[in-house]
Amino acid sequence: MSMLSTADWRLTFFEIVAGRSPGAGEQLLQSVLAIALVFLPGVLLLAMFAIWWERKVAGRMQSRPGPNRVGPIGVLQSLADGMKLLLKEDLKPAVADSILFRLAPYVSFAPVFAAFLALPFAPNLTFEPRLNSGVFWILAVLGVEIMGVILAGWASNNKWAIYGAMREACQMVSYEIPLGLSIVVGVMAAGTLNLVELGFLQGGGIHTWIIFRNPFVFLSFFVYFIASLASNKRAPFDLPESESELVAGFHTEYSGMRFAFFFFAEYAAMFVVGSIQTALFLGGWNDPFGFIGHYYTLWISDPVAHRTGLILLNLAGAAIFCGKALAIVFVQMWLRWTLPRPRIDQVLYTCVKVLFPAACVLLVGAAIWQMLVPSWQGASLIENPLPWVHYNPLSWADWSRGGATTALIVQSLLALVGVSLAGAMALWVAYAFVTGRTRRQRLSEPHPIPEPA
Amino acid sequence: MHLAILTTSLVPVILFYLFAGIAGASALGVVLARDIVRTAVFLLFTLVGVAGLYFLLNSEFLAAVQLVVYVGGTLILVIFGIMLTSRAPTSRFEPRRGEVIVAIIAGVFILAALVTAIRSAHFRSDIPEAQKAYPVAALGEALLGEYLVPFELASVVLLVVMIGAAYLARARRRDDQHAPRGAASRTQLSTPLNPEP
Amino acid sequence: MQIGLNHYLILAAFIFVCGLLSMMVKRNAIGILMGVELILNAANINLVAFNRFAHAVGPDHKPLLDGQIFAIFVILLAAAEAAVALAIFLNYYNNFTTIDVEPAQTLKG
Numbered sequence: 018m019s020m021l022s023t024a025d026w027r028l029t030f031f032e033i034v035a036g037r038s039p040g041a042g043e044q045l046l047q048s049v050l051a052i053a054l055v056f057l058p059g060v061l062l063l064a065m066f067a068i069w070w071e072r073k074v075a076g077r078m079q080s081r082p083g084p085n086r087v088g089p090i091g092v093l094q095s096l097a098d099g100m101k102l103l104l105k106e107d108l109k110p111a112v113a114d115s116i117l118f119r120l121a122p123y124v125s126f127a128p129v130f131a132a133f134l135a136l137p138f139a140p141n142l143t144f145e146p147r148l149n150s151g152v153f154w155i156l157a158v159l160g161v162e163i164m165g166v167i168l169a170g171w172a173s174n175n176k177w178a179i180y181g182a183m184r185e186a187c188q189m190v191s192y193e194i195p196l197g198l199s200i201v202v203g204v205m206a207a208g209t210l211n212l213v214e215l216g217f218l219q220g221g222g223i224h225t226w227i228i229f230r231n232p233f234v235f236l237s238f239f240v241y242f243i244a245s246l247a248s249n250k251r252a253p254f255d256l257p258e259s260e261s262e263l264v265a266g267f268h269t270e271y272s273g274m275r276f277a278f279f280f281f282a283e284y285a286a287m288f289v290v291g292s293i294q295t296a297l298f299l300g301g302w303n304d305p306f307g308f309i310g311h312y313y314t315l316w317i318s319d320p321v322a323h324r325t326g327l328i329l330l331n332l333a334g335a336a337i338f339c340g341k342a343l344a345i346v347f348v349q350m351w352l353r354w355t356l357p358r359p360r361i362d363q364v365l366y367t368c369v370k371v372l373f374p375a376a377c378v379l380l381v382g383a384a385i386w387q388m389l390v391p392s393w394q395g396a397s398l399i400e401n402p403l404p405w406v407h408y409n410p411l412s413w414a415d416w417s418r419g420g421a422t423t424a425l426i427v428q429s430l431l432a433l434v435g436v437s438l439a440g441a442m443a444l445w446v447a448y449a450f451v452t453g454r455t456r457r458q459r460l461s462e463p464h465p466i467p468e469p470a
Numbered sequence: 712m713h714l715a716i717l718t719t720s721l722v723p724v725i726l727f728y729l730f731a732g733i734a735g736a737s738a739l740g741v742v743l744a745r746d747i748v749r750t751a752v753f754l755l756f757t758l759v760g761v762a763g764l765y766f767l768l769n770s771e772f773l774a775a776v777q778l779v780v781y782v783g784g785t786l787i788l789v790i791f792g793i794m795l796t797s798r799a800p801t802s803r804f805e806p807r808r809g810e811v812i813v814a815i816i817a818g819v820f821i822l823a824a825l826v827t828a829i830r831s832a833h834f835r836s837d838i839p840e841a842q843k844a845y846p847v848a849a850l851g852e853a854l855l856g857e858y859l860v861p862f863e864l865a866s867v868v869l870l871v872v873m874i875g876a877a878y879l880a881r882a883r884r885r886d887d888q889h890a891p892r893g894a895a896s897r898t899q900l901s902t903p904l905n906p907e908p
Numbered sequence: 010m011q012i013g014l015n016h017y018l019i020l021a022a023f024i025f026v027c028g029l030l031s032m033m034v035k036r037n038a039i040g041i042l043m044g045v046e047l048i049l050n051a052a053n054i055n056l057v058a059f060n061r062f063a064h065a066v067g068p069d070h071k072p073l074l075d076g077q078i079f080a081i082f083v084i085l086l087a088a089a090e091a092a093v094a095l096a097i098f099l100n101y102y103n104n105f106t107t108i109d110v111e112p113a114q115t116l117k118g
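Protein chains in written order, with the working numbering: chain A, 18 to 470; chain B, 712 to 908; chain C, 10 to 118.
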């Protein structure tokens, strides 16, 4: 329980608020309370919000209002659905394997929840900031979810459920390859697997975000996005739960709260996958101008004096992180209600013959790029843990001193491309939202065929 | 929790017994379970328990590798094998009683011998204080530096295994000369995904 | 009481014996494969425990990684061996119509 050492930049929230290191019992209590009072309700609330949001987005894209009866804009719809699912009769098929049938929803949900514990919401709001293999840990734990789905399909003792489970296992396992390779491209550009360090690396402004480091990482972001859609069983790769083909896929026999667990797992996994993309590629908790990085490095040298500032900074960072992750979740939902569903062999073709070679090429290209183009030396994590502490965004001398002018030009150009793409998408969505409300629904043929006389 | 706490309080002891209990009980479950899918689920819990033990031994990268490769790869493969080779989902084979007795006696003897050997040996067992987790960068440098030859050999082995397993387990056409002539060769039982024209 | 090397070694011995029993007792070929996986896991626990306790720090005071790297290779090769074993089991199933290993006596006598 000592006073904080100012050289220790990895402080937890407790240390900032209370001004001292916690004791052993306090640490245990803090961990348990964080999981019970923050993470678990947070995940459940997030899933309920995502379910409502998906139905609203689906409705708007199909020119209908979506849920709008329960609550102001239908916000309490998820609550009503949750209550309905809780009160439903607990059905279990007589020929189903009883223990495995009951176990499968938890085996599906628990790994996704474990992945939540590694996410870097803010510099000091991470559950375990010293997890040195953070990115890889999340990837590993999302792979355990496959077992839950297979168990669900097998334990139902139902032909359609088994088909869905086997398709899903095939798909998820195959897509882990381009998933991993595109993550490796990003990690190569960053140089670390630790999620908190990744956030610090991207604190110098939008041109320091890892997605803009070199064009290969830019493309591997999209490869990762597509692969993560498939590994999440999200459309257009939602064959495992294809509602029109397999009754309901692997969760055909599930009803009530068990069914709800699968959906919690799915929406939580969507958020986790969006968070990986945010943390690794899109800047984590940093805003595009680098203010959070700048003020954090200013204030962290004296945490006791700037306590409220640091707390507000952390909360703002967490809000930015969640906002970016939810933006990616929105794009996932957008794609679900836009694209048709390919066959299973087309899905596997995309994985093995399109994404996997693309990921390999990007890997080799990124490696060669990093060998040839020097990056800014001050951003190395080996010298100092806060890379941008002496960074002046208005001086180019920092960059040219290390021969990193090419890097600066490329990063700025890519940042321009990225900002214009994102801006165009945002404008498009806003335009559709605005005009969709006023367009009248077509209830009859525009040019009716004239009746024969 | 800070890693400094891991060597100085009761928490690592509780965590060790928790993960060791999961791993040990599930290993026992693998032996005792009759249904093959339940055996696979017990194996899943064993592997997860062992991954937790790797965490306690400061090897987080290895724990993640265990989860990715063993649980997300090998176990899925095993479950696919179970699904492809089980004629009825609840068929189970009982071992003969003589075999079980011999196995139990042998197992008890071997366990007693191992435990006696462990207890009587004096391994150098220093518990360094507050050791930080092993840096992942050092693992990478070692794999591509000191252990480069085994690394490349392992990739060659994986390539050979991939080709071999894919060839051995290929779906056979009706006029395949190399197909096994057993009563239940898969050309008759399985429905191919793309039916031949 | 602190957790030492012996705790991990005894646990690994127990898992080893469980894997051995599984190989001896199971009639389903895939059950035998699972026994092999248990044995490999027990060996891995031994390797990583020795890495952590017995030779944790090298002469230049940097942590030694040999046990972990050995364990990584063991996991790798276990996955490869499981793939080949399952391919063999599929062929066995095609030939004998069952995954039971009792009928595998065609070379006997």
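Ideal placement from N, C-alpha and C gives every residue a C-beta, glycine not left out.
Owing to the predicted nature of the structure, the values given are computational and were not obtained by experimental measurement.
- Taking one beta carbon from each stretch, the segment 107 to 117 of chain A and the segment 731 to 745 of chain B have fewer than 3 pairs nearer than 8 Å; the two do not touch.
- Boundaries of the alpha helix (DSSP H) harbouring Asp362 of chain A: Ile361 to Tyr366, taken from the DSSP string.
- With a cutoff of 8 Å on beta-carbon distance, Ile345 of chain A and Thr295 of chain A are scored as near each other.
- Along the segment 276 to 309 of chain A, none of the residues has a CB nearer than 9 Å to a CB of chain B.
- Residue burial annotation: Met189 of chain A is buried, with at least 16 other C-beta atoms found within 10 angstroms of its C-beta.
- With contacts defined as CB atoms closer than 8 Å, Ile39 of chain C and Ile793 of chain B qualify as a contacting pair.
- Judged by DSSP in its simplified three-state form, Asp98 of chain A adopts helix.
- At least 8 Å separates the CB of Arg808 of chain B from every CB of chain C.
- Around the beta carbon of Met100 of chain A, a 10 Å sphere encloses fewer than 16 other beta carbons of the protein chains shown; the residue is thus reported as exposed.
- Ranked by Cα distance from Asn15 of chain C, the first of B:Ala824, B:Ser831, B:Phe756 and B:Thr757 is B:Ser831.
- The continuous alpha helix (DSSP H) containing Thr827 of chain B extends over residues Arg808 to Ser831.
- One alpha carbon belongs to Ser38 of chain A, the other to Phe30 of chain A, and they sit about 10 Å apart.
- Contacts between Val811 of chain B and chain C, judged by CB atoms closer than 8 Å, involve Val34 in chain order.
- Distance between Ser95 of chain A and Phe306 of chain A, taken at the CA atoms: about 36 Å.
- Using a CB distance cut-off of 8 Å, Val190 of chain A counts as an interface residue toward chain B.
- For Ile725 of chain B, the number of other beta carbons within 10 angstroms of its own is below 16, and it is reported as exposed.
- Per the coordinates, the alpha-carbon of Leu768 of chain B lies some 51 Å from the alpha-carbon of Gly83 of chain A.
- By the Cβ test, the segment 179 to 197 of chain A is in contact with the segment 153 to 164 of chain A, since at least three Cβ pairs between them sit closer than 8 Å.
- Along the length of the segment 37 to 123 of chain A, whole alpha helix (DSSP H) runs at least 4 residues long occupy 41 to 50, 57 to 78 and 94 to 104, reported in chain order.
- Taking every protein chain shown into account, the CB of Met65 of chain A has 16 or more other CB atoms within 10 angstroms, so this residue is buried.
- Cβ-Cβ distances below 6 Å link Leu246 of chain A to Phe254 in the same chain, with the five nearest sequence neighbours on each side left out; the list follows chain order.
- CA-CA distance, Ile194 of chain A to Phe373 of chain A, rounds to 7 Å.
- Between Arg360 of chain A and Ala252 of chain A, the CB-CB gap reaches or exceeds 8 Å.
- DSSP places Thr355 of chain A outside both helix and strand once states are collapsed to three, so it counts as coil.
- For Ala87 of chain C, the residues of chain B that pass the 7 Å Cβ criterion are Thr785, in the order they occur in the chain.
- Just measuring C-alpha positions, the residue of C:Leu29, C:Val34 and C:Val93 sitting nearest Glu111 of chain C is C:Val34.
- Of all residues in the segment 767 to 778 of chain B, the ones placed with a Cβ closer than 7 Å to any Cβ belonging to chain A are Glu771, Phe772, Ala775 and Leu778, in chain order.
- The beta carbon of Phe278 of chain A sits closer than 6 Å to the beta carbons of Pro122 and Phe126 from its chain, once the five residues preceding and following it are set aside; these are given in chain order.
- With a threshold of 8 Å between beta carbons, Ala865 of chain B makes contact with chain C.
- A straight-line Cα-Cα distance of about 24 Å links Tyr102 of chain C and Phe753 of chain B.
- Gly732 of chain B and Ala21 of chain C have their C-alpha atoms roughly 12 Å apart.
- As DSSP reads the structure, Thr143 of chain A sits in a beta bridge with A:Pro137.
- Look at the beta carbons and you see the segment 323 to 334 of chain A not touching the segment 47 to 66 of chain A: under three pairs across the two are nearer than 8 Å.
- Distance between Leu786 of chain B and Leu365 of chain A, taken at the CA atoms: about 21 Å.
- The Cβ of Met873 of chain B sits no closer than 8 Å to any Cβ of chain A.
- With contacts defined as CB atoms closer than 8 Å, Phe239 of chain A and Gly382 of chain A fail to qualify as a contacting pair.
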